[in-house]
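Here the structure comes first, spelled out in structure tokens, and everything after it is commentary.
Number of protein chains: 2
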Amino acid sequence: MPDWHSTLPGLLGRVWQSLGRGVADRHAPARHIALATTAPDGTPQVRTVVLRAADPAEATLDIHSDLRSAKVAALRTRPLAEALVWDRRARLQIRLSGEVAILTGPAAAALWSRVPENARPVYGAEPPPGTPIPESLAYATADGTAAFAVLRLTLARIEVLHLGDRHRRAAFLRAGAWQGEWLSP
Amino acid sequence: MPDWHSTLPGLLGRVWQSLGRGVADRHAPARHIALATTAPDGTPQVRTVVLRAADPAEATLDIHSDLRSAKVAALRTRPLAEALVWDRRARLQIRLSGEVAILTGPAAAALWSRVPENARPVYGAEPPPGTPIPESLAYATADGTAAFAVLRLTLARIEVLHLGDRHRRAAFLRAGAWQGEWLSP
Chain A
144 MPDWHSTLPG LLGRVWQSLG RGVADRHAPA RHIALATTAP DGTPQVRTVV
194 LRAADPAEAT LDIHSDLRSA KVAALRTRPL AEALVWDRRA RLQIRLSGEV
244 AILTGPAAAA LWSRVPENAR PVYGAEPPPG TPIPESLAYA TADGTAAFAV
294 LRLTLARIEV LHLGDRHRRA AFLRAGAWQG EWLSP
Chain B
144 MPDWHSTLPG LLGRVWQSLG RGVADRHAPA RHIALATTAP DGTPQVRTVV
194 LRAADPAEAT LDIHSDLRSA KVAALRTRPL AEALVWDRRA RLQIRLSGEV
244 AILTGPAAAA LWSRVPENAR PVYGAEPPPG TPIPESLAYA TADGTAAFAV
294 LRLTLARIEV LHLGDRHRRA AFLRAGAWQG EWLSP
């Protein structure tokens, strides 16, 4: 059997395995992913987010956010994102891009009910995230129900780069039924 | 002495310490950073890059790139980037944004001379990076001198988020002489 990194199906399988582990295991490399968006003025933005769900059948990823955050403001103007996983041990970079839907209210309620009690205040800071405050702890945490949002990234493209003795790079497109093609690294 | 994460100078000092370690130590969290750019069509992009230099006096970061890469194409249209470091052990997220200069030819020659021989072919793949190829290894590596570029990010803003018992978030601006201010997390 060839190494996983030497075939297109092997690489794609490893991507979803890595994402699944990120959801299940807080110490996995894909637990904390970098999420890039474009600000309304065109400026690139990137921050660390926690991967909350990964659905290989639909090719979607979920993260949770405060509705009042800068990333939601960016996504309301331009609903596109690219997520990045760097799995150092596997020497594998995974780039995941597509369109983002912002789920709130009833659409997010079922997911909110599964957010642990002790994690809920993260979504209800007052003043809202990013507001200047006079001291480091001059904010309050409140019930986050109203501010909770699920950001669902529907992938259009997955790109992988494996750094081995020789590098391998491939792209998989939803429009190409995820069959994939090799790229020069 | 207060904890480093409880004062603005402490946080900023920790940022530059972390970046310095990233340059010097290939196993440090800031060795591999996420670099976000905006594609010419406005799409957000992010990929892992190696941090090659960090200058606290000038507040600049250097990375190396192939001139023919998609990130250079993006930066030629919109010379802005945000870099992200996630230091899991310190529970610290660092966001570093500003303008990017693309150094080539004589301006990059001194830095090229310090790129190890065995690393040079990375910058000279044929066909150019991102080109579809029929097989995973259907590319050649050539002398990378002509394709080598240094991307120098001159920081305008540094934002940090420390995840402790209570979260602390702060922003430091070049325009504010890097004094910093606290933000609601």
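Sequence lines, in order, name chains A and B.
When we follow this note's numbering, the leftmost residue of the first sequence carries the number 144, and every step to the right adds one.
When we follow this note's numbering, the leftmost residue of the second sequence carries the number 144, and every step to the right adds one.
We put the CB at the ideal spot given by N, CA and C, even for glycine.
Within chain B, partners of residue i - CB distance below 8 Å
i: Glu242(A); result: Residues of chain B passing the Cβ test: none, with the nearest at roughly 11 Å.
i: Leu296(A); result: Those within 8 Å of Leu296(A) in chain B number zero; the least Cβ separation is about 11 Å.
i: Ala177(A); result: Ala177, Ala179, Val189, Leu227, Trp229
Pair within 7 Å by beta-carbon distance, residue i and residue j
i: Glu302(A); j: Ala314(A); result: yes
i: Pro187(A); j: Glu225(B); result: yes
i: Val293(A); j: Leu246(A); result: yes
i: Leu235(A); j: His175(A); result: no
i: Leu162(A); j: Ala197(A); result: yes
i: Ala251(B); j: Glu269(B); result: no
i: Ala177(B); j: Ala177(A); result: yes
i: Leu280(B); j: Arg309(A); result: yes
i: Ala290(B); j: Arg211(B); result: yes
i: Val189(A); j: Ala179(A); result: yes
i: Pro199(A); j: Trp159(A); result: yes
i: Val228(B); j: Ala173(B); result: yes
i: Pro328(A); j: Arg312(A); result: yes
i: Leu151(B); j: Gly323(B); result: yes
i: Gly273(A); j: Gly287(A); result: no
Neighbouring residues, chain A, relative to residue i (Cβ below 8 Å)
i: Gln236(B); result: Arg190, Thr191
i: Ile256(B); result: For the sequence presented, residue 256(B) should be read as Ser rather than Ile. Within 8 Å Cβ-Cβ: nothing; Ser256(B) doesn't reach chain A, min ~24 Å.
Chain-ordered chain A contacts of residue i [CB-CB under 7 Å]
i: Thr180(B); result: Pro187
i: Glu324(B); result: Pro275
Partner residues on chain B for residue i, Cβ-Cβ distance less than 7 Å
i: Pro270(A); result: Ser327
i: Ser161(A); result: Residues of chain B passing the Cβ test: none, with the nearest at roughly 14 Å.
Neighbour flag for residue i against chain B, beta carbons, 7 Å
i: Thr247(A); result: no
i: Gly273(A); result: yes
Any C-beta of chain A under 7 Å from that of residue i
i: Leu280(B); result: yes
i: Ala283(B); result: no
Min CB distance residue i to chain C below 7 Å
i: Glu324(B); result: Although the question refers to chain C, the structure presented lacks it and instead comprises the protein chains A and B.
Next on the checklist: With a threshold of 8 Å, are at least 3 pairs of Cβ atoms found where one atom belongs to the segment 285–301 of chain B and the other to the segment 198–210 of chain B?
Outcome noted: yes
Checklist entry - At a Cβ cut of 8 Å, what residues of the segment 198–231 of chain B count as close to chain A, listed as they run along the chain? => result Arg221, Leu223, Ala224, Glu225, Ala226, Leu227, Trp229, Arg231
Next on the checklist: Give me the subset of the segment 298–319 of chain B whose CB atoms are less than 7 Å from a CB atom of chain A, sorted by chain position.
Outcome noted: Arg309, Arg311
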